[in-house]
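Asks: First the structure, then my questions, so here it is.
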């Protein structure tokens, strides 16, 4: 059975503008219990900021999160993205090829509408796997 990305993606994503501080984005991630935010101007996807970006490109390089803009740390284009009508098989292929754990989902006009993660795919494609169990478990904090 072919599953469409729109059926497995997280549509309730967080988005910030490129000049938003890293500290503000990190607080948003904590409050929403998410590992990434889309960086966008309205419908123009500028990049993706992950918790890993904050650690490796921010903290490890000694940047001040209270003044550093997310646009300075996020993964920038060319971004690998999915269309809501793409299949989960295509998402898996892209994640393997580009060694990424999350992919932004954008409509044909370029407007970001969600994110699909490795955990989303595991829960859909192999619901009995350890990754699926971890991905669907309630937070422990």
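Numbering (UniProt numbering), first residue to last: 1 to 141.
Quick reminder that beta carbons are idealized off the backbone N, C-alpha and C, glycines included.
With a threshold of 16 other CB atoms inside 10 Å of the CB of residue 67, please say whether the residue is buried or exposed.
Replies: Label assigned to residue 67: exposed.
Asks: Using the three-state DSSP reduction, which class does residue 103 fall into: helix, strand or coil?
Replies: strand
Asks: From the DSSP secondary-structure annotation, give me the bridge partner or partners of residue 69.
Replies: 21
Asks: In chain order, what residues of the same chain have a beta carbon less than 8 angstroms from the beta carbon of residue 108, not counting five sequence neighbours either side?
Replies: 83
Asks: Out of 91, 102, 8, point me to the one whose CA is closest to residue 52's CA.
Replies: Closest option to residue 52, Cα to Cα, is 102.
Asks: Mind checking residue 49: buried by the 16 CB within 10 Å criterion, or exposed?
Replies: So residue 49 ends up on the buried side.
Asks: Once DSSP output is grouped into helix, strand and coil, what is the label at residue 30?
Replies: helix
Asks: For residue 129 and residue 98, what's the separation of their Cα atoms in angstroms?
Replies: Confidence at residue 129 is low in this model, with a pLDDT of 48, below 50, so its placement is unreliable and no value can be given for it.
Asks: Would you tell me roughly how many angstroms separate the C-alpha atoms of residue 22 and residue 12, rounded to the nearest one?
Replies: 20 angstroms
Asks: What residue range does the alpha helix (DSSP H) around residue 36 cover?
Replies: Not the alpha helix (DSSP H): residue 36 falls in the beta strand (DSSP E), residues 36-41.
Asks: Taking the alpha carbon of residue 70 as the reference point, which residue from 34, 112, 39, 6 has its own alpha carbon closest?
Replies: 39
Asks: Exposed or buried, which one is residue 104 when buried takes at least 16 other CB atoms within 10 Å?
Replies: buried
Asks: Identify, in the order they occur along the chain, each residue of the same chain with its Cβ nearer than 7 angstroms to the Cβ of residue 73, setting aside the five sequence neighbours on each side.
Replies: 22, 49, 53, 54, 57, 58
Asks: According to the neighbour-count rule (16 or more other Cβ atoms, all chains shown, within 10 Å of its Cβ), is residue 62 buried or exposed?
Replies: exposed
Asks: Does DSSP classify residue 56 as helix, strand or coil?
Replies: helix
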